Amino acid sequence: MITTLFLDRDGVINKENEGDYIRKISEFEFLPGVTEALRIAGTLFDRIIVVTNQRGIGRGLMMEEDLHAIHEKMLREITAAGGRIDKIYFAATPDKKHPYRKPNTGMGLHAKEDFPEIIFENAWMVGNNLSDMYFGKGLQMKTVFLHTTLEPQELPNPLIDYQYDSLLSFITDYEKGNL
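Going by my numbering, the sequence shown opens with residue 913, and the numbers climb by one from there.
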């Protein structure tokens, strides 16, 4: 069975810049335990995909080149720690109706085109916003809500299958077979 891990970026992989965007490399900071989580996840999942809304580009607050530089640094550090990310998809538009902007499913469908072996029913979406949960459910994935920036959500919740305080906590439970 092919398994895929879809991850949001801000608030899942790195600290969010409260009230603003991560615009430059110096503002990018991994959340605690993320590189270890991605090292472990690399042994558990066939594909690891990042799907991230980056509307700061569409609003003219940063350049796409800045985003690529941030992602290059992120990937270098993850790889150096023994982890991996297979591909990063981003939506630069502030237009909520654009098919690529979460909660819309365009980035997931693009990933499926690039990696035809992805089976959404065997995939997991990890995010820290309800738009991430809508994205995951829209593609029939299992969803994991990280309460890194928002309060824990009341469960049961039709959008949220599992809830954790960090990516490492989720990956540890997944590795132990607790899910």
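Just so you know, even glycine gets a beta-carbon here, dropped at the ideal spot from N, CA and C.
Just so you know, these numbers come straight off a predicted model, no measurement behind them.
For Phe942, the closest C-alpha among the options Thr955, Gly954, Glu928, Ile952 is that of Glu928. Of all alpha-carbon atoms in Glu948, Leu956, Pro944, the one lying nearest the alpha-carbon of Asn1034 is that of Leu956. The alpha-carbon separation between Asn1069 and Asp978 amounts to approximately 37 Å. For Asn965 and Tyr1076, the gap between their C-alpha atoms comes out near 21 Å. Nearest to Gly1018 by C-alpha distance, out of Gly994, Pro1006, Gly1050, is Gly1050. Assignment of Thr1060 by DSSP, reduced to helix, strand and coil, places it in the coil class. Secondary structure of Leu1067 (DSSP, three-state): coil. The count of Cβ pairs closer than 8 Å, one atom from the stretch 989-1006 and one from the stretch 1037-1052, stays below three, leaving the stretches out of contact. Of the candidates Lys1054, Leu1058, Tyr1046, Gly972, the residue whose Cα lies closest to the Cα of Asp922 is Leu1058.
Judged by their CB atoms, Glu1087 and Ile937 are not nearer to each other than the 8 Å cut-off.
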